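Chemist: Per my numbering: the sequence shown = residues 4 to 197. Backbone N, C-alpha and C fix where the C-beta goes; we use that ideal spot for every residue, glycine too. Being a predicted model, the structure only gives us computed values, none of them experimental.
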Amino acid sequence: KDNEAYTIGEYTVLQYANKVLVDEEMGAYHNLVKAMLCYGGAAQTYFDYQTDKLVSDGIKLDSTEKIPEHIENAMTVSGKASGITFYGASLVFENKVAVRYYFTYSGELKDYNFSDDLTVVDKGSLCYVEIPGVNPQDLDEGFTVTVNDTLFVTYSPMNYIVRMYGKGSDSLKPLLEAMYQYYIAAEQLCSTLA
4 KDNEAYTIGE YTVLQYANKV LVDEEMGAYH NLVKAMLCYG GAAQTYFDYQ TDKLVSDGIK
64 LDSTEKIPEH IENAMTVSGK ASGITFYGAS LVFENKVAVR YYFTYSGELK DYNFSDDLTV
124 VDKGSLCYVE IPGVNPQDLD EGFTVTVNDT LFVTYSPMNY IVRMYGKGSD SLKPLLEAMY
184 QYYIAAEQLC STLA
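What follows is the structure, given as structure tokens:
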């Protein structure tokens, strides 16, 4: 009846993932789920979170691809805005990846308008904005931030993965490898569904 709630079942992400892994009708999703769990386990290890019970325990990917050494057009900066300069970009590893853009600025931060009403976090003469919720299959896409409609910065999360894999810390590399495999699995699934 109306206004009555029914609980049919509750799953944790891990319980659902394990269900997908054993359900033969979910075959196309197996590699994606395995890659997701491997990324989750690598994130647990990197961030030292419940490492005694990794979500990836016992999971092995059917195949892996090597992270490329270089990618084209991973970042472009065009135009300029008086008093503000693009400083750099990075990734924020959460449930979904966020792309963070850093800028140095002078004067008042309120004088700068960022695209898409992005939230600006002020750190003194440095500020940043984030594009949240990047899906794994979109890690090779360029995401653009505009400042005052005259400065345009396009950055691909894949740039961070490739660059940091080449020069980052050894502790970060397994997380980047797992993220790259998650991207490959998501891309493959999306292409089969298209």
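In this structure, does DSSP put Gln191 in helix, strand or coil?
Modeler: Here Gln191 sits in helix by DSSP.
Chemist: Going by DSSP in three states, Ala84 sits in which element: helix, strand or coil?
Modeler: Looking at Ala84 - three-state DSSP - the assignment turns out to be strand.
Chemist: Who does Glu133 pair with in a DSSP beta bridge?
Modeler: For Glu133, which the question treats as bridged, DSSP gives the partners Arg103.
Chemist: Starting from the C-beta of Glu13, find all residues in its chain whose C-beta is less than 6 Å away, skip the five residues before and the five after it, and write them out in chain order.
Modeler: Within the same chain, Glu13 has no close Cβ partners at all.
Chemist: Report all residues from its chain with a CB closer than 8 Å to the CB of Gln53; omit the five preceding and five following residues, and keep chain order.
Modeler: Closer than 8 Å at Cβ, skipping near neighbours: Gln47.
Chemist: Distance check for Thr147 and Val23, CA to CA, integer angstroms please.
Modeler: Taking the straight line joining both Cα atoms gives about 35 Å.
Chemist: Helix, strand or coil for Val123 per DSSP?
Modeler: Three-state result, Val123: coil.
Chemist: Can you say whether Asn138 is buried or exposed, counting buried as having 16 or more other CB atoms within 10 angstroms of its CB?
Modeler: Exposed, since its Cβ has fewer than 16 Cβ neighbours within 10 Å.
Chemist: Please classify Ala197: is it buried, with 16 or more other beta-carbons within 10 angstroms of its beta-carbon, or exposed?
Modeler: With fewer than 16 other Cβ atoms within 10 Å, it is exposed.
Chemist: One question on the structure: do Leu112 and Asp125 come within less than 8 Å of each other, judged by their Cβ atoms?
Modeler: In this structure, Asp125 lies closer than 8 Å to Leu112 by Cβ.
Chemist: Less than 7 Å between C-beta atoms, sequence neighbours within five positions excluded: which residues of the same chain meet that for Val95?
Modeler: Result list for Val95: Ala101, Arg103 and Glu133, in chain order.
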